[in-house]
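K.L.:
After the structure tokens below, expect a handful of questions from me.
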Amino acid sequence: MLPASKSIPKEMLPIVDRPAIEYVVKEAVRAGIKEIILVTHSAKTAIEDYFDTQFELEEQLEAKGKNTLLAQVRDILPHDVSLISVRQHRALGLGHAVACAAPVVGDAPFAVLLPDVLVDCDGLDEDLGIMVERYQASGAAQIMVEEVPAERVDQYGIVALKGGVPVPGESTPMTAVVEKPAVGEAPSQLSVVGRYVLPGEIMGILAETPRGAGNEIQLTDAIASLMERAPVEAYAMRGRTFDCGNKAGYLQAIFHFAARHPELGEQVREMMAAELG
Ligand code: G1P
Numbered sequence: 001m002l003p004a005s006k007s008i009p010k011e012m013l014p015i016v017d018r019p020a021i022e023y024v025v026k027e028a029v030r031a032g033i034k035e036i037i038l039v040t041h042s043a044k045t046a047i048e049d050y051f052d053t054q055f056e057l058e059e060q061l062e063a064k065g066k067n068t069l070l071a072q073v074r075d076i077l078p079h080d081v082s083l084i085s086v087r088q089h090r091a092l093g094l095g096h097a098v099a100c101a102a103p104v105v106g107d108a109p110f111a112v113l114l115p116d117v118l119v120d121c122d123g124l125d126e127d128l129g130i131m132v133e134r135y136q137a138s139g140a141a142q143i144m145v146e147e148v149p150a151e152r153v154d155q156y157g158i159v160a161l162k163g164g165v166p167v168p169g170e171s172t173p174m175t176a177v178v179e180k181p182a183v184g185e186a187p188s189q190l191s192v193v194g195r196y197v198l199p200g201e202i203m204g205i206l207a208e209t210p211r212g213a214g215n216e217i218q219l220t221d222a223i224a225s226l227m228e229r230a231p232v233e234a235y236a237m238r239g240r241t242f243d244c245g246n247k248a249g250y251l252q253a254i255f256h257f258a259a260r261h262p263e264l265g266e267q268v269r270e271m272m273a274a275e276l277g
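In terms of full-length UniProt numbering, the sequence shown opens at residue 1 and continues consecutively.
If you want it as structure tokens, here you go:
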């Protein structure tokens, strides 16, 4: 997302009127998660500030009687949700980022949401919520997957399954997962989307996971080790993904969420129709 992300974190780029990170945090909240941990670094303090109180702004809005805006600025998250942030001091990979949250997570099960990807279930039950329920019912880790074209398997973690591809909304045992396999060498076209429900024991595994693809500590490799001692399932998502880590995906997310925006949606749909006109 350069050059836009040169001086602000890409997670703070707006999708209509809210930063991308808010969509991801709210997805976790809709899934019933009450404690959110941001793994961040020194160049991304804007993210922590966004979820904090902004006294001056609130005072100004209050003085001007702008109560609707005031409520929107104040009530980003429900009051029973807490947000903690931890720092990743060195960029050693996704597995390392997850391990940075170990002192807060302890040995409790937890979910991982990668903020580059937005997931929208468009009014259906939240995929992540279903994954949490499935974990609670079976104890099997849940990895959200979706099919990708064969020529793009080298951009994702790719899973191998025991049986056929599960129907959307269901999960099935995984037998392997590989990080960014070469095109033609992938075990399937089912890609890891960036939503995981994992047991606390993976933190211990991560602590011992050596650097893998891209010389980084890969969450994928820790999941492959977890699979040797505990059940891991691939959950076939029902919703849609928007990869905001690239320009086309980011624009698609804007079109999608703008067209469904409670105040602007109708106007936006008319504008889009006129543009296509
Ligand atoms: C990460 C994961 C990969 C996953 C992807 C989803 O890769 O390592 O397994 O498929 O996110 O977006 P990254 O995109 O950080 O390279």
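Note that the Cβ used here is the ideal one computed from N, Cα and C, for glycine as well.
Nearest to L2 by CA position, among G245, E266, A259, is which residue?
P.N.:
G245
K.L.:
Would you report the Cα separation of R240 and Q60, rounded to the nearest angstrom?
P.N.:
39 Å
K.L.:
I need the straight-line Cα distance from D221 to G93, nearest angstrom please.
P.N.:
Those two C-alpha atoms are separated by around 11 Å.
K.L.:
Can you have a look at L217 and say buried or exposed, based on whether 16 or more other CB atoms are within 10 angstroms of its CB?
P.N.:
Before going further, note that residue 217 is Ile rather than Leu in the sequence given. Classification of I217: buried, given that the 10 Å Cβ count is 16 or more.
K.L.:
Report the CB separation of G214 from D116 in whole angstroms; it is logged as a contact under 8 Å.
P.N.:
Between D116 and G214 the Cβ distance is about 15 Å, and since that is not below 8 Å, they are no contact.
K.L.:
By the DSSP assignment, the alpha helix (DSSP H) with M131 in it spans what residues?
P.N.:
127 to 138
K.L.:
Measure from the alpha carbon of A141 to the alpha carbon of each residue in I130, Q189, N67, V86, then state which is nearest.
P.N.:
I130
K.L.:
What is the residue span of the alpha helix (DSSP H) that M174 lies within?
P.N.:
Premise fails: M174 lies in the beta strand (DSSP E), 171 to 179, not in any alpha helix (DSSP H).
K.L.:
Considering just the uninterrupted stretch of the alpha helix (DSSP H) at residue 347, what are its terminal residues?
P.N.:
Outside the shown range of the chain (1 to 277) lies residue 347, about which nothing can therefore be said.
K.L.:
Short of 7 Å in beta carbon distance, which residues of its chain neighbour V148, apart from the five on each side in sequence? Order them along the chain.
P.N.:
Hits under 7 Å: Y156, Q189, S191.
K.L.:
In chain order, what residues of the same chain lie with their CB nearer than 8 Å to the CB of Y50, ignoring the 5 residues before and after it?
P.N.:
M12, P19, I21, E22, I76
K.L.:
Just curious, the alpha helix (DSSP H) that E11 is in, first and last residue?
P.N.:
Here E11 belongs to no alpha helix (DSSP H), and DSSP marks it neither H nor E.
K.L.:
Quick test of the definition: if touching needs 3 or more C-beta pairs under 8 Å, does the stretch 226 to 237 touch the stretch 170 to 179?
P.N.:
Put simply, the stretch 226 to 237 touches the stretch 170 to 179. At least three CB pairs are less than 8 Å apart.
K.L.:
Output the boundary residues of the beta strand (DSSP E) element that contains A43.
P.N.:
Following the DSSP letters along the chain, one finds A43 in no beta strand (DSSP E), marked with neither H nor E.
K.L.:
From this set, A150, V98, R30, which residue's C-alpha is nearest V119's C-alpha?
P.N.:
R30
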